[in-house]
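Chemist: Residue numbers (this note's numbering): 8 to 460. Ideal Cβ placement from N, Cα and C applies to all residues, glycine included. The model shown is predicted, which means the values in this text are computed figures rather than measured ones.
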């Protein structure tokens, strides 16, 4: 097998990362844009000792699970990877991916339930982050998602994964920015102004807060004109914020922002609970499906412990804490980001809750401190970012958790890695996958583990 060679093979399963895999000459081959049951021709682009990577050249015989994508840009755009796969097969594949990550990385077979489907499979994304570029000759503004495997942008005019109002606002911003002679940030030479358009959309109120991320330390006059124009044009835009990011990294937002118009947050109501969500605070991209997760975790706690003390680590603005507050004797919520803590404090007031206490500190230092003080909690909630938990947090959790750990993960590989560290003190009961990110390979998982006797 050599790079550039065209091979024919049958795809047998999907893996984390979105590719299909098959066997050829006793070697595993990863092929993009395929699904189990496809018989394909593929071009080898990389050949290693025990596996190869290939790109799809032709579907000789399509799988019964292969369907027509509903977005005309699905072949180019990297925003969704699995639109060509039947939705039920996507759910099945995500369950298998979680099972295999746990088996391969954690070295254990944990019961994995069927994947809970998303409440919506279109128009579900309520946080949208569009990088911005300009064409070389015409200086036309381009905003959208990156092409698969590149940092070249697909100019998104209509995205069925997000609310239609976002398409309209983005189109206006592209035209108006060019009219005002503004510039887009260039990753190569580090020059230019506008880096990202970031939208927060409220399903409840159907309004939008727009954040324009710029490569500057103060807001230029022409950019204020752009902010004025978009606020005047769209009644649904209830706030416009400028965020300053002069770092030459992949971080989308900088630490400092300026409110130009209206307010810098949206409000969402889920199951009669009110959530303030600041423009830069974490909240689930798919709020209606997030409520399924919150209720699932609530039911898990309710069935296992009466009147528990709870430690909510990486709490964000306190979603899990708020859903669990009426079941708990006390909740301690640990969160590093100040704006999320501020949202959380407002949220407990809005929801008339008295038993949540916030610690505004990095989990890597705050959680070991609690362990050193000899604290104990009946239930620990872990909801870390994609990179998972640090060893410091996991070792402290072993000392802090009296009865149960509930780990909510957006990456099954880091979930498996972290459970392996916890498994000398805890036994997993089951894992519940949830489809938070339709038509992508990403999967949310809830792992429930009880303390060993």
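First and last residue of the alpha helix (DSSP H) that includes residue 330?
Modeler: Counting along the chain, the alpha helix (DSSP H) containing residue 330 begins and ends at 326–331.
Chemist: Can you list, in chain order, the residues of its chain with a C-beta nearer than 6 Å to that of residue 264? Leave out the 5 residues immediately preceding and following it.
Modeler: Excluding residues within five positions, the ones whose Cβ falls inside 6 Å are 248 and 250.
Chemist: Mind checking who residue 189 pairs with in its DSSP beta bridge?
Modeler: None; residue 189 has no bridge partner.
Chemist: Mind checking who residue 138 pairs with in its DSSP beta bridge?
Modeler: DSSP, once it has assigned bridges, lists 203 as partnering residue 138.
Chemist: Using a Cβ-Cβ cut-off of 6 Å (strictly less than) and excluding sequence neighbours within five positions of residue 266, which residues of its own chain qualify?
Modeler: 248.
Chemist: Grab me the residues of residue 433's own chain with a C-beta within less than 7 Å of its C-beta, minus the 5 sequence neighbours each way, in chain order.
Modeler: Around residue 433: 412, 456, 457, 458 and 459.
Chemist: Considering Cα atoms alone, identify which of 288, 228, 176 and 193 is closest to residue 239.
Modeler: Checking every option, the nearest Cα to that of residue 239 belongs to 176.
Chemist: Taking three-plus beta-carbon pairs below 8 Å as touching, is the stretch 76–91 in contact with the stretch 399–414?
Modeler: Not touching, per the Cβ criterion.
Chemist: So, helix, strand or coil for residue 165, using DSSP?
Modeler: In the structure shown, residue 165 sits in coil (DSSP, three-state: anything other than H, G, I, E or B).
Chemist: CB of residue 360 to nearest heavy atom of the ligand FMN: below 7 Å?
Modeler: Inclusion of the ligand FMN in the displayed structure is not the case, the ligand content being empty and no account of it being possible.
Chemist: On the premise that residue 62 lies in contact with residue 50, defined as a C-beta separation below 8 Å, what is that separation, rounded to the nearest angstrom?
Modeler: About 5 Å; that satisfies the 8 Å criterion.
Chemist: I want to know whether the stretch 314–331 touches the stretch 376–395 - three or more CB-CB distances under 8 Å.
Modeler: Touching, per the Cβ criterion.
Chemist: What are the start and end residues of each continuous alpha helix (DSSP H) run of 4 or more residues lying completely inside the stretch 377–411, in chain order?
Modeler: Within the stretch 377–411, the complete alpha helix (DSSP H) runs of at least 4 residues are 398–407.
Chemist: For residue 340, report the span of its beta strand (DSSP E) as first-last.
Modeler: Element bounds for residue 340: 337–342.
Chemist: Taking the runs of the alpha helix (DSSP H) that are 4 residues or longer, which of them lie wholly in the stretch 216–252?
Modeler: You should have 228–240.
Chemist: If the criterion is Cβ atoms closer than 8 Å, does the pair residue 431 and residue 414 meet it?
Modeler: Against a cut-off of 8 Å, the Cβ pair of residue 414 and residue 431 comes out as no contact.
Chemist: Compare the C-alpha of residue 331 against each of 362, 245 and 286 and name the closest.
Modeler: Answer by Cα proximity: 362.
Chemist: Hey, would you say residue 13 sits closer than 8 Å to residue 64, going by beta carbons?
Modeler: Result yes, Cβ atoms of residue 13 and residue 64 sit closer than 8 Å.
Chemist: Go to residue 456, then tell me how far its alpha helix (DSSP H) extends in each direction, as first and last residue.
Modeler: First-last for residue 456: 451–458, but that is the beta strand (DSSP E), not the alpha helix (DSSP H).
Chemist: With a CB to CB cut of under 7 Å and the five nearest residues on each side skipped, what residues in its chain are close to residue 294?
Modeler: Taken in chain order, the residues that qualify are 133, 210, 275 and 277.
Chemist: If we call anything under 8 Å between Cβ atoms a contact, is residue 96 one with residue 72?
Modeler: Yes, the pair counts as a contact, with Cβ atoms nearer than the cut-off.
Chemist: What's the gap between the Cα of residue 241 and the Cα of residue 205?
Modeler: So the alpha carbons of these two residues sit roughly 16 Å apart.
Chemist: Starting from residue 427, follow the alpha helix (DSSP H) in both directions and report where the run begins and ends.
Modeler: Per DSSP, residue 427 belongs to the alpha helix (DSSP H) from 419–429.
Chemist: Return the CA-CA distance between residue 18 and residue 183, expressed in angstroms with no decimal places.
Modeler: Residue 18 and residue 183: Cα-Cα distance of roughly 47 Å.
Chemist: Any contact of the stretch 360–379 with the stretch 327–347, i.e. 3+ C-beta pairs under 8 Å?
Modeler: As far as the Cβ criterion goes, the stretch 360–379 touches the stretch 327–347, which means the pair count is three or higher.
Chemist: Quick check on the burial criterion: 16 or more other C-beta atoms within 10 angstroms. Buried or exposed for residue 194?
Modeler: So residue 194 ends up on the exposed side.
Chemist: Hey, residue 139 and residue 185: beta-carbon distance below 8 Å or not?
Modeler: Taking 8 Å as the Cβ cut-off, residue 139 and residue 185 do not qualify as a contacting pair.
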